[in-house]
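Enquirer: This is the structure I want to talk about, given as structure tokens.
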Amino acid sequence: MGKISLEVNGRKVEKEAPDNTLLSTFLREHLQLTGTHIGCDTSQCGACVVHVDGNSLKSCTALAADVNGSKVTTIEGLETNGKMHPMQEAFKKLHGLQCGFCTPGMVMSAVDLLQKNKKPSDTEIRDWLEGNICRCTGYQNIVAAVKEAATKM
Amino acid sequence: MASLVGSRVERKEDKRFLTGKGRYTADINLANQTYAIFVRSPHARASINKLNIDKALKSSGVVSILTGKEIADDKIGGLIAGWAIRSEDGTEMKCPGNPPLAKDNVNFVGDPVAVVIAESLAEAKEAAEKVEVDYKVLKAVTSTADAMNGDTIHEGIDKNLCFDWLLGDRQKVKEAFDKADKVISIDIINNRLIPNAMEPRACVADYNAASEEITLYTTSQNPHLSRLIMSAFGNVAPEHKLRVVAPDVGGGFGSKINVYNEDIVCSWAAKKINRAIKWVAERSESFLTDIHGRDHVTHAELAVTKDGKFLGFKNETIANLGAYARVFGTVTPTYLFGPCATGVYEIPAAYTNVKAVYTNTAPVDAYRGAGRPEATYTIERLVEKASMELGIDKTELRIKNFPTVFPFKQTLVHTVDSGDYVAGMEKAKQMADYKGFEARRKESEAKGKLRGIGVTSYFEACGIAPSAAVMSLGCGVGLWESAEVRFNPTGQVTVYTGSHSHGQSHQTTFAQIAADELGVPIENIDIVHGDTDKGTFGMGTYGSRSLAVGGIAIVNACKKIVEKGKRVTAKMLEANPEDVEFKDGEFIVSKSNKKKTIGEVAFACYLPGVRDEMKSPLPEGDEPGLKETSFYDPSNFSFPAGTHIAEVEIDPETGNVKLEKYTACDDFGRIINPMVVEGQVHGGLAQGIGQALYENAEYDETGQLMTGSYMDYTMPRADNFPEFNIGYTCTHATTNPLGVKGCGEAGAIAAPPTVMNAVIDALGGQEVTMPATAEKVWKACKNLKKSNAKAA
Chain A
5 MGKISLEVNG
15 RKVEKEAPDN
25 TLLSTFLREH
35 LQLTGTHIGC
45 DTSQCGACVV
55 HVDGNSLKSC
65 TALAADVNGS
75 KVTTIEGLET
85 NGKMHPMQEA
95 FKKLHGLQCG
105 FCTPGMVMSA
115 VDLLQKNKKP
125 SDTEIRDWLE
135 GNICRCTGYQ
145 NIVAAVKEAA
155 TKM
Chain B
390 MASLVGSRVE
400 RKEDKRFLTG
410 KGRYTADINL
420 ANQTYAIFVR
430 SPHARASINK
440 LNIDKALKSS
450 GVVSILTGKE
460 IADDKIGGLI
470 AGWAIRSEDG
480 TEMKCPGNPP
490 LAKDNVNFVG
500 DPVAVVIAES
510 LAEAKEAAEK
520 VEVDYKVLKA
530 VTSTADAMNG
540 DTIHEGIDKN
550 LCFDWLLGDR
560 QKVKEAFDKA
570 DKVISIDIIN
580 NRLIPNAMEP
590 RACVADYNAA
600 SEEITLYTTS
610 QNPHLSRLIM
620 SAFGNVAPEH
630 KLRVVAPDVG
640 GGFGSKINVY
650 NEDIVCSWAA
660 KKINRAIKWV
670 AERSESFLTD
680 IHGRDHVTHA
690 ELAVTKDGKF
700 LGFKNETIAN
710 LGAYARVFGT
720 VTPTYLFGPC
730 ATGVYEIPAA
740 YTNVKAVYTN
750 TAPVDAYRGA
760 GRPEATYTIE
770 RLVEKASMEL
780 GIDKTELRIK
790 NFPTVFPFKQ
800 TLVHTVDSGD
810 YVAGMEKAKQ
820 MADYKGFEAR
830 RKESEAKGKL
840 RGIGVTSYFE
850 ACGIAPSAAV
860 MSLGCGVGLW
870 ESAEVRFNPT
880 GQVTVYTGSH
890 SHGQSHQTTF
900 AQIAADELGV
910 PIENIDIVHG
920 DTDKGTFGMG
930 TYGSRSLAVG
940 GIAIVNACKK
950 IVEKGKRVTA
960 KMLEANPEDV
970 EFKDGEFIVS
980 KSNKKKTIGE
990 VAFACYLPGV
1000 RDEMKSPLPE
1010 GDEPGLKETS
1020 FYDPSNFSFP
1030 AGTHIAEVEI
1040 DPETGNVKLE
1050 KYTACDDFGR
1060 IINPMVVEGQ
1070 VHGGLAQGIG
1080 QALYENAEYD
1090 ETGQLMTGSY
1100 MDYTMPRADN
1110 FPEFNIGYTC
1120 THATTNPLGV
1130 KGCGEAGAIA
1140 APPTVMNAVI
1150 DALGGQEVTM
1160 PATAEKVWKA
1170 CKNLKKSNAK
1180 AA
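Residue numbers (this note's numbering), protein chains in the order written: chain A, 5 to 157; chain B, 390 to 1181.
This is the structure we're talking about:
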């Protein structure tokens, strides 16, 4: 057991957790932030992507202890004053989601892309999202949503 | 008021999904819950000599360990096949017992033998490691083609044969073949797929000792059906003491139709230990134990005249059922496959023979399209081959054999009510610039690349119905759907539907339908589904049936509301009910032009009186309240159809196939929400293209799944696809009041043959099996070089 101190979605949290607790487990089970999803056990699907100190990270690939002291943003922290982030708005407008399960990771990953590349091409978007699997949408509307968000951010 | 049906209404469900507030089964935690881990067979086929739980019971935090013995002692029933199929010789199909926890034999890797329930997940995992099972390993049967020659898996089931089924007339087919100028034949393997909904299966079971009720939260496409099976066959609890809730469900694609071992075991065990139990599959468990799809080996022949008229068709298929026959396992390769085997063509004589075999692999059941992708793949590969052998343009050959008069009595079973296949083909050709292909082929050639074009025309039979017909063919239930429309006194509406949305957008599209029918703003309409305590009953969502069956039930319930509203308005305004018209949410007396809004009528129905007067707005015979129910049983299937065209470019140096263009022109009848339909088409295409180019579930000869993770099973990614070019033609279904047909499966049905026809076209007609991986294609390219060199 060890103490995990993080700033999650702008709020300081301190919790005891077993040393082998993954960041994804810490968020879901210890902080009840269930918007971060677990879709696989091999770090392939990307449903668990969050931001750690501003960069996207598959939260199932890090121990909570590894990121101790960091600032973490999850899908729950993307709204500002109850207003959805332009990426969330674009996904809604362009039907970039169906069952919604891969969506939190997809959105968090896409937001990070636009932080690093303000006007990505279709190919750059598809390449960047290679680590996020969606079984519902065929990706077309996700790509369109990322492009739309790029015009708003 | 503008109609919402036909508009791109943004989805009501999106905000919760986009802000992390979706509530999936794994997100549910109950007070004092325990955690379950299943001990699973590592062997494909074995008998259990001994199962010892003594050490595991002493492990820290263990609450209970239950095995096949306890489940048998408690007379808990097993998993079932939902459709009884009869063989050609009149005998009934043969199904083995499938206990939720295996007691004597295990039949596939992942077959559960015990459940360990502990205070924490970590403790449950640790204890599960300590369960000792002494197996006698037996020789596994894994090959579809050779299953009938393997050891007998289930006692008393000869040749591992569940049934040997025939649809059609062998004699007529023989006569047709005797008259043929040419017979085109083909051997096909329809590769095994794993559905891979992104949300792994999960369940949370709870027992309330006060009400003696079990509540099961589970990842299901059809909670009412699950409850029925668990109660009637599983003997878990009577239906009124069993509540099944399928909250937000993260995709299904057929894999969440079945009641699974874990649902039954956790529900039964929760009552036994009087505590809640949570189980969440790891992805590797999903790979091993979710139902798989497809897995056919087929030989098919098409008899043709030299000018390209189709005369006869035969189809001999071996279908792999896996270790056990499950809910839609037996109907998928029979009535969902055979009737569609002749495709969109007039073929005077045809038969389909299917031998369904057991193997020591995961159960195979309905996966997106279920039977229709396999049927379409066979006929469309065959037609493409015929076009090559006859030297007739692939689109012309198809048009030549399309029916042009509707209703079209299709060769084997269906009467297709409406369609215009020629218009679909012409539009698809235009969208794809079919004419310009030769120029593009030359451009590719100039770059040293091989370019191919592939076409598929398909139809599918959706909304499996009517109940009397499907039950006469062996279905264990009727396939109607229910809806209940409730007005609140203050005018908002709650619609309870027996359909289930796990991505399909019902919360929006069903609300669009109700809004138009009732003239109530869409924001005042809620769609409720997925809970057996809410709504009467429902058959659930699969087979593109939600709109064509569930949607019509909503329409019919709304129409009953309007009828009552007319009677009430007439009483209130002292008019004849026949003189009352309903439009845009208002009841208008045509003669006086007096009106009442539907909100006023609802209010009056719930508060039927006025102060100081003995007066009721309710006509004699009408009760207070405003709530109506419909159980809708369609008169026929619905028949979406279309033509898809794909172009691929192959690099002969690497064998890499690049999908350059994909055009889909579909006829779904009336479209409720074009945005949602586009999403359904895109998703179906991605799965169909996945089957053609990437996905394959493979077992080795000992029955170990070689593709058991996302590192071995190729899930299509964003960078695997071009932008799809999508369009429509529209003929309304004549068998339902909305004129709708269904759109959920089209992409998965049409894409595999479309892409493969393009690949094989690029390879000069050389057959390649799915998935057309770089390795296979590279080898074919080398053969092509050799044969070209010879020809030169």
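Glycine is no exception: its CB is placed at the ideal position from the N, C-alpha and C atoms.
Identify whether V794(B) lies in helix, strand or coil by the three-state DSSP scheme.
Expert: Coil, per DSSP.
Enquirer: First and last residue of the alpha helix (DSSP H) that includes N145(A)?
Expert: First-last of the alpha helix (DSSP H) with N145(A): 144–156.
Enquirer: Residues in its own chain within less than 8 Å of E610(B) by CB, not counting five upstream and five downstream?
Expert: Note that residue 610(B) is Gln in the sequence shown here, rather than Glu. For Q610(B), where only same-chain residues beyond five positions count, the Cβ hits under 8 Å are A635, V638, G641, G643, K645, I646, H889, H891, G929, T930, Y931.
Enquirer: Any beta carbon of chain A sitting closer than 8 Å to that of F992(B)?
Expert: With 8 Å as the cut-off, F992(B) does not count as an interface residue toward chain A.
Enquirer: State whether the stretch 600–616 of chain B contacts the stretch 724–742 of chain B, with contact taken as three or more CB pairs (one from each stretch) at a distance under 8 Å.
Expert: The answer is no - the stretch 724–742 of chain B does not touch the stretch 600–616 of chain B, with fewer than three Cβ pairs under 8 Å.
Enquirer: So, helix, strand or coil for C484(B), using DSSP?
Expert: Here C484(B) sits in coil by DSSP.
Enquirer: In the structure shown, what three-state DSSP assignment does W657(B) receive?
Expert: Correct three-state label for W657(B): helix.
Enquirer: What is the rounded straight-line gap between the Cα of L468(B) and the Cα of A738(B)?
Expert: When rounded, the distance between both Cα atoms is 38 Å.
Enquirer: Shortest alpha-carbon distance to Y824(B) belongs to which of T784(B), E834(B), S392(B)?
Expert: Before going further, note that residue 824(B) is Lys rather than Tyr in the sequence given. Out of T784(B), E834(B), S392(B), T784(B) has the C-alpha closest to the C-alpha of K824(B).
Enquirer: I need the straight-line Cα distance from Q799(B) to E735(B), nearest angstrom please.
Expert: C-alpha separation (whole angstroms): 7 Å.
Enquirer: Taking DSSP's pairing of strands, which residues face V978(B) in a bridge?
Expert: For V978(B), which the question treats as bridged, DSSP gives the partners V969(B).
Enquirer: Can you round the beta-carbon distance between S675(B) and D652(B) to whole angstroms, since I take them to be within the 8 Å contact cut?
Expert: Not confirmed; about 14 Å, so no contact.
Enquirer: Which of helix, strand or coil does DSSP assign to P589(B)?
Expert: In this structure, P589(B) counts as coil in the three-state DSSP scheme.
Enquirer: Taking the alpha helix (DSSP H) that N441(B) belongs to, which residues open and close that run?
Expert: Counting along the chain, N441(B) falls outside any alpha helix (DSSP H), though it belongs to the beta strand (DSSP E) covering 435–441.
Enquirer: As a quick exercise: from T706(B), L419(B), D782(B), pick the residue whose alpha carbon is nearest that of C592(B).
Expert: Ranking the options by Cα distance to C592(B), first place goes to L419(B).
Enquirer: Rounded to whole angstroms, what is the Cα-Cα separation between E564(B) and Y1051(B)?
Expert: Whole-angstrom Cα-Cα distance: 39 Å.
Enquirer: Give me the Cβ distance between G142(A) and H1071(B), rounded to the nearest whole Å; I'm assuming they're in contact under 8 Å.
Expert: Confirmed, Cβ separation roughly 3 Å.
Enquirer: Examine the ligand ZN and report whether any of its heavy atoms sits within less than 7 Å of the Cβ of F1028(B).
Expert: This structure lacks the ligand ZN, and indeed carries no ligand of any kind.
Enquirer: For a minimum of 3 consecutive residues, which ranges assigned as the beta strand (DSSP E) are wholly contained in the stretch 802–885 of chain B?
Expert: Complete beta strand (DSSP E) runs here, min 3: 839–848, 870–876.
Enquirer: Just verifying my parser: in three-state terms, what is the DSSP assignment at F30(A)?
Expert: In the structure shown, F30(A) sits in a helix (DSSP, three-state: H, G or I).
Enquirer: Would you call the stretch 978–996 of chain B and the stretch 951–962 of chain B in contact, with 3 or more CB pairs under 8 Å?
Expert: Result yes; three or more Cβ-Cβ pairs closer than 8 Å.
Enquirer: For M537(B), which residues of its own chain have a beta-carbon under 8 Å away from its beta-carbon, when the five flanking residues on both sides are left out?
Expert: Counting only Cβ-Cβ distances below 8 Å, and skipping sequence neighbours, we find K548, N549, L550, I707, K744, V746.
Enquirer: Is the beta carbon of K949(B) closer than 8 Å to that of S1019(B)?
Expert: Yes. Within cutoff.
Enquirer: Residues of chain B with CB closer than 9 Å to the CB of A51(A), please, in chain order.
Expert: Result: M587, E588, G639.
Enquirer: Use the C-beta contact count for V794(B): other C-beta atoms within 10 angstroms, 16 or more gives buried, fewer gives exposed.
Expert: The residue is exposed, with fewer than 16 neighbouring Cβ atoms inside 10 Å.
Enquirer: Counting Cβ pairs, one atom from each stretch, are 3 or more of them under 8 Å apart for the stretch 399–415 of chain B and the stretch 513–520 of chain B?
Expert: Segments in contact, no.
Enquirer: Quick one: is V999(B) buried, meaning 16 or more other Cβ sit within 10 Å of its Cβ, or exposed?
Expert: V999(B) should be labelled exposed.
Enquirer: Kindly indicate which three-state DSSP category D463(B) falls into: helix, strand or coil?
Expert: The answer is coil: DSSP assigns D463(B) none of H, G, I, E or B.
Enquirer: Taking a contact to mean a Cβ-Cβ separation below 8 Å, would you say A1030(B) touches D1056(B) in this structure?
Expert: Closer than 8 Å, so yes.
Enquirer: Closer than 6 Å by C-beta to A114(A): which residues in its own chain qualify, once you throw out the five before and the five after it? Chain order, please.
Expert: M91, V150.
Enquirer: Anything in chain A within Cβ reach of K1112(B), meaning under 7 Å, just list it in chain order.
Expert: The sequence given here has Glu at residue 1112(B), not Lys. Within chain A, the residues near E1112(B) are Q144.
Enquirer: Assuming N1146(B) contacts V844(B) (C-beta within less than 8 Å), just tell me the rounded distance between them.
Expert: About 6 Å; that satisfies the 8 Å criterion.
Enquirer: Taking the beta strand (DSSP E) that V1037(B) falls in, what are its first and last residues?
Expert: Taken as a continuous stretch (DSSP letters only), the beta strand (DSSP E) holding V1037(B) covers 1030–1040.
Enquirer: If we count the other Cβ atoms within 10 Å of its Cβ and call it buried at 16 or more, is E912(B) buried or exposed?
Expert: By the 10 Å Cβ count, E912(B) comes out exposed.
Enquirer: Can you have a look at S894(B) and say buried or exposed, based on whether 16 or more other CB atoms are within 10 angstroms of its CB?
Expert: The residue in question, S894(B), is buried, as its Cβ has 16 or more Cβ neighbours within 10 Å.
Enquirer: Residues of chain B with CB under 8 Å from G39(A), in chain order?
Expert: Correct list: T408, G409, K410, G411.
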